[in-house]
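Inspection log for the structure reproduced underneath, given as structure tokens.
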Amino acid sequence: MDDNGNELKTNEVGNIALYIGDIRPPGLFKEYWKDPEIMKRSFKDNYYYTGDQGYKDRDGYFWFVGRDDDIIKSSGYRIGPFEVESALIEHDAVAECAVVGAPDPEGIRGIIVKAYIVLTKGYKPSETLTKELQNYVKKVTAPYKYPRIIEYMDELPKTISGKILRRDLRNKK
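Here it is as structure tokens:
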């Protein structure tokens, strides 16, 4: 669904929403506890919005792109961080990475793709490596998805269970 509740065409990325009708199906929770705002966003016009982004391909299969709050909207494109991260992690220099949206310092695109990268032992941050990684992403994904900014880190912020704290990276200055 688009942001106005309209069904999208094949291969268009939008909100994943489940039709629930007038009666909530068994197993679907009743409400978000003490959070009426998220209830309004999640339940609209007999649909439950999951908070995920995805698309339906020509064969009728649905593909997950990312969490709604992780999707990067840059120059009119919706970019899922998972695809960019998957491309980066294929490169020998990258041990671990996370991709988030960041303000465009040039002010042209609004938001741009920014990658935080932990390098494999034996690699050192350099302009040459940055360009190599950017070009690699351009080669294996759509060119507009490449990270315009790459920041190298010793480690990524994580929860106790090992999940990357994207929120911390988005808020990092």
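To convert a position in the sequence shown, counted from 1, into the working numbering, add 106. Each residue gets a CB set at the ideal place from its N, CA and C atoms; glycine is no exception.
DSSP places residue 272 inside the alpha helix (DSSP H), whose first and last residues are 272-277.
Looking at the DSSP output, residue 257 sits in a beta bridge with 222. Rounded to whole angstroms, the Cβ separation of residue 154 and residue 124 is 5 Å, and the two are in contact under 8 Å. Cβ neighbours of residue 169 within its own chain (closer than 6 Å, five residues either side excluded): 160, 161. For the pair residue 114 and residue 184, the Cα-to-Cα distance works out to about 14 Å. According to DSSP, residue pairing for residue 121 in a beta bridge involves 159. Under the three-state reduction of DSSP, residue 252 is assigned to coil, being neither helix nor strand. Each residue's CA atom was taken as its position, placing residue 214 and residue 244 some 19 Å apart. For residue 134, the CB contacts under 8 Å within the same chain, skipping 5 residues up- and downstream, are 126, 154 in chain order. Residue pairing by DSSP places residue 185 opposite 178 in a beta bridge.
It is roughly 11 Å from the alpha-carbon of residue 218 to the alpha-carbon of residue 187. No residue range can be given for residue 130, since it is assigned to no alpha helix (DSSP H) and is classified by DSSP as neither H nor E.
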